[in-house]
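Written out below as structure tokens is the structure these notes cover.
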Amino acid sequence: MREREGWRWFSYAPEDAKAAQAELNRLAAEGLELEEIWFCAAKFKHVEGRAPACWVEPARWTSMRLKDEEKQREYLELCEEAGWTLVDQSRSMFWFKASPGKAPAPIQTDGGVEWEAVLRGALRERAWQLMGLTVFWALHFILRLLLGNVHFWELFLSDSAMILMACLSIWLVLDILRGAHVLRYRSQCRRSVREGREIPVPSQGGARLRGCAGFAELALLACTLLALLAIGSCALAETENAADEAVLNIFTWEGYIDYETVIKPFEQETGIKVNYATFSSNEEMYEKLSA
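Read in order, the letters of the sequence shown correspond to residues 0 to 290 in numbering that gives the first Met the number 0.
Shown next as structure tokens:
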């Protein structure tokens, strides 16, 4: 069946660049030329015969250091001289297309070394994300327990807390699964390099799922923020209700406390209602208490 041109879902993680390369090769063989990459989609158009070759390369220089920027610039200049036109740079990958009238070969010095660096970066990203989730989770519960007027069980069994824990748990599981895949794929790459074989290509289905992981994490982040807003709103409502229900009863000698200078400012500042009554003699006090 002939593939249709136009926009299509095209989202891959850096560690799955080989799977992206395999799909681009298949589409080029069917006459679909890559025009542009945008976010999680790619635009293709039909051409006569085989489309120009494409090449996907994980970006090994992702920091903002001047040394890395210079290496990246030199690398892109080398690619341009070899006949590769940069289509886009997104999701930590370079997307190249062969310049008109040229059939360049991918530029690689040592595939094993390059992929070791890419996979180390993917593992480092997963580790930082897991650490961030753990610190966020711990700080949230500690601050809620120390600063909030809540019972210990409410940190885990209230509706908003359970939603928050569910979002963070799913996020944690996704990170662990992706980290386990990177470790397993890294082991396969090392074995292939030792045996003199090409770097293995991840399965297309698995690569597509992992390409969606970033959007799943964004959705989980949105749900987490909504859960935190719900928790804050509930805490604020409980505080306001407690203030509305709080009443202070004062029964003292007449002239002992001035209402205008003491009680009225206290009510305005705290929101606590004060029932203020006075007596001028013991007999009046007994009469009012027994009434």
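For glycine and all other residues, C-beta sits at the position ideal for the given N, C-alpha and C.
Note that the coordinates shown come from a computational prediction; the quantities given were computed from them, not determined experimentally.
Anticipated Cβ contact below 8 Å, residue i with residue j, distance rounded
i: C211; j: S10; result: 6 Å
i: A206; j: D15; result: 4 Å
i: L163; j: T223; result: 6 Å
i: F250; j: A229; result: Actually they do not touch by this definition, with Cβ atoms about 42 Å apart.
Classification of residue i by the beta-carbon crowding that lies within 10 angstroms, buried from 16 upward
i: T269; result: exposed
i: Y184; result: buried
i: I141; result: exposed
i: D257; result: exposed
i: K17; result: buried
i: P264; result: exposed
i: R379; result: Shown here, the chain extends from 0 to 290; a query on residue 379 therefore has no answer.
i: L220; result: exposed
i: A19; result: buried
Closest by C-alpha distance to residue i, when choosing among the options
i: A97; options: S91, G82, I106, D87; result: G82
i: L26; options: P13, W37, A50, C39; result: A50
i: G213; options: V117, A121, P99; result: A121
i: Q5; options: V46, P13, A21; result: Note that residue 5 corresponds to Gly in the displayed sequence, not to Gln. When only C-alpha atoms are compared, the closest one is V46.
i: L176; options: Q128, G195, S289; result: Q128
i: V55; options: F43, K44, G30, N24; result: N24
i: A293; options: M161, Y285, M284; result: Residue numbering for the chain in the displayed model covers 0 to 290; residue 293 lies beyond these limits and cannot be assessed.
i: E73; options: E34, V117, L247, I106; result: I106
i: P99; options: E76, E68, E32; result: E32
i: V134; options: A104, L167, R119, A102; result: L167
Residue i - containing alpha helix (DSSP H), residue span
i: E266; result: 263–269
i: R209; result: 203–210
i: K56; result: Correcting the residue identity first, residue 56 is Glu in this sequence and not Lys. Element bounds for E56: not the alpha helix (DSSP H) but the beta strand (DSSP E), 53–57.
i: R25; result: 16–28
i: E283; result: 281–289
Bridge partner(s) assigned by DSSP for residue i
i: N300; result: In the structure as shown, the chain begins at 0 and stops at 290. Residue 300 is therefore absent and cannot be evaluated.
i: A97; result: W83
i: M92; result: P57, S89
i: W6; result: K42
Bounding residues of the beta strand (DSSP E) (the contiguous stretch that carries residue i)
i: E35; result: 31–37
i: A40; result: 40–45
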